[in-house]
Amino acid sequence: RTPPTTPRKSATFDDYTLSEIRRAAATGIYDIRGAGAKRKLPHFDDLLFLGASISRYPLEGYRERCDTSVVLGSRHAKKPIELKIPITIAGMSFGSLSGPAKEALGRGATLSGTSTTTGDGGMTEEERGHSKQLVYQYLPSRYGMNPRDLRRADAIEVVVGQGAKPGGGGMLLGQKISDRVAEMRTLPKGIDQRSASRHPDWTGPDDLEIKILELREITDWEKPIYVKVGGARPYYDTALAVKAGADVVVVDGMQGGTAATQEVFIENVGMPTLACIRPAVQALQDLGMHRKVQLIVSGGIRNGADVAKALALGVDAVSIGTAALVALGDNDPRWEAEYNELGTTAGAYDDWHEGRDPAGITTQDPELMKRVDPVAAGRRLANYLKVMTLEAQTIARACGKNSLHNLEPEDLVALTIEAAAMAGVPLAGTNWIPGKNGF
28 RTPPTTPRKS
38 ATFDDYTLSE
48 IRRAAATGIY
58 DIRGAGAKRK
68 LPHFDDLLFL
78 GASISRYPLE
88 GYRERCDTSV
98 VLGSRHAKKP
108 IELKIPITIA
118 GMSFGSLSGP
128 AKEALGRGAT
138 LSGTSTTTGD
148 GGMTEEERGH
158 SKQLVYQYLP
168 SRYGMNPRDL
178 RRADAIEVVV
188 GQGAKPGGGG
198 MLLGQKISDR
208 VAEMRTLPKG
218 IDQRSASRHP
228 DWTGPDDLEI
238 KILELREITD
248 WEKPIYVKVG
258 GARPYYDTAL
268 AVKAGADVVV
278 VDGMQGGTAA
288 TQEVFIENVG
298 MPTLACIRPA
308 VQALQDLGMH
318 RKVQLIVSGG
328 IRNGADVAKA
338 LALGVDAVSI
348 GTAALVALGD
358 NDPRWEAEYN
368 ELGTTAGAYD
378 DWHEGRDPAG
388 ITTQDPELMK
398 RVDPVAAGRR
408 LANYLKVMTL
418 EAQTIARACG
428 KNSLHNLEPE
438 DLVALTIEAA
448 AMAGVPLAGT
458 NWIPGKNGF
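For the sequence shown, the positions run 28 to 466 when our numbering is used.
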């Protein structure tokens with residue numbers, strides 16, 4: 028036959044897929060990387076707000092208040108978390124991040140009136156010392172876990188799963204296990220470690236209830252207890268977390284990042300963040316616990332519009348990780364030449380597990396860490412959080428709401444059938460919600 032003028036490449040076997048086949052054939056090992064899913068997924072960009080005109084009354088941004096505060100953990104805890112903004116900092120471990128980066132996260136969160144979270148590997152003095160509100164993650168690995176730090180925390184987050192790898196454990200390669208990391212985790216220096224995928228002392232929701240009671244006893248019922256799950260079966264996982272006694276449920280979608288895991292896991296396990304929200308909210312509503320047990324959603328939150336959309340769908344707060352690292356200075360084009368030397372580019376750098384981050388954030392290299400000024404980086408994070416909050420307030424006022432928490436699904440429409448079905452809001456220009464009323 029006559030060949031086409033322009034050779035046609037396969038949509039299935041595209042350039043990236045072909046390169047991965049060649050890499051696997053040459054090395055015999057799977058690819059490991061950080062960050063979250065990079066494939067295109069339905070997301071908050073597929074939703075739009077319906078601002079006020081005649082049928083709704085907008086608020087004047089320069090004169091009328093729009094509240095942003097939120098209280099987390101009021102169900103059982105004697106001392107719930109009171110935040111000025113509904114944007115928290117997700118758990119990112121010392122080990123995956125440098126000490127200066129952890130300090131900067133604490134500084135930025137404190138300036139903004141919100142909380143940060145420890146991550147796997149224990150509590151550092153830098154983060155505790157500079158975080159007014161610090162959430163302590165209780166993970167399957169138990170790295171760095173001790174009763175003293177549980178009591179020093181302001182809340183405890185029992186991590187069952189993570190959006191980038193629901194059902195999977197974490198990784199920290201030997202090049203990032205420095206003397207200090209090894210001491211905190213009780214590990215040999217320089218040896219690869221892999222965290223467990225499940226908690227060692229419980230196997231189901233009934234055991235989780237016992238574990239939560241143990242944590243409450245250790246902390247004299249003062250601290251809110253969060254339960255974090257990867258976005259896989261959000262309805263049932265949320266319901267079971269509530270049944271087990273959680274004060275707060277955290278649901279992490281597959282756009283949420285990780286320090287390191289198999290790429291095949293990141294791209295093929297879990298659900299998009301947008302698909303996780305409505306089932307989790309529905310579970311709370313069915314149990315009569317919506318707003319009584321708070322819901323935090325994470326995974327791909329980037330700006331104030333994302334925050335407002337998540338809250339409109341019924342969430343109480345959101346959590347950011349990757350975006351917070353970028354605000355600190357990670358993946359910054361100023362280090363482009365050094366990213367190129369690593370075989371990548373600033374905007375695509377995800378080899379956080381290698382410990383060679385030119386920005387000094389996802390590394391334990393003493394020289395690279397010097398590039399992070401915790402005070403300046405903390406201010407950058409606080410600026411970013413301020414802008415996100417202002418953007419969310421602007422949208423809320425345009426919808427006639429004097430609180431971010433008064434936003435509701437009625438304020439939204441979807442641009443695609445997929446987003447309409449996932450979010451449970453009408454397709455733009457119609458009153459049709461796919462899957463409702465038998466259609």
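The beta carbon of each residue, even a glycine, is placed where N, CA and C say it ideally should be. The structure presented is a predicted model; accordingly, all values stated were derived computationally and were not measured.
query, result
"Under a three-way DSSP split, which group does Thr288 fall into?", "strand"
"Cα separation between Tyr253 and Gln282?", "21 Å"
"According to the Cβ coordinates, are Ala419 and Ala335 closer than 9 Å?", "yes"
"For Phe40, is the classification buried or exposed, using 16 other Cβ atoms within 10 angstroms of its Cβ as the cut-off for buried?", "exposed"
"If we count the other Cβ atoms within 10 Å of its Cβ and call it buried at 16 or more, is Lys428 buried or exposed?", "buried"
"Skipping 5 residues on each side, what residues in its chain have a beta carbon closer than 6 Å to that of Leu68?", "Pro299"
"Measuring alpha carbon to alpha carbon, tell me which residue in Tyr163, Leu99, Leu322, Ile108 is nearest Val185.", "Tyr163"
"Per DSSP, what kind of secondary structure is Ser37 in: helix, strand or coil?", "coil"
"According to the neighbour-count rule (16 or more other Cβ atoms, all chains shown, within 10 Å of its Cβ), is Asn458 buried or exposed?", "exposed"
"Among Thr288, Ile218, Gly341, whose alpha-carbon lies nearest the alpha-carbon of Arg318?", "Gly341"
"For Arg424, which option in Leu412, Tyr411, Asp438 has the closest C-alpha, if you only look at C-alpha atoms?", "Asp438"
"Quick one: grab the DSSP three-state call for Asp279.", "strand"
"Can you tell me which residues form a DSSP beta bridge with Met198?", "Arg221"
"When you compare the CB positions of Leu311 and Val353, do they come within less than 9 Å of one another, or not?", "no"
"Whose C-alpha, out of His432, Arg66, Leu434, Gly451, is nearest the C-alpha of Ala441?", "Gly451"
"How is Ala364 classed by DSSP in three states: helix, strand or coil?", "helix"
"Would you call Gly284 buried or exposed, if buried means 16 or more other Cβ atoms sit within 10 Å of its Cβ?", "buried"
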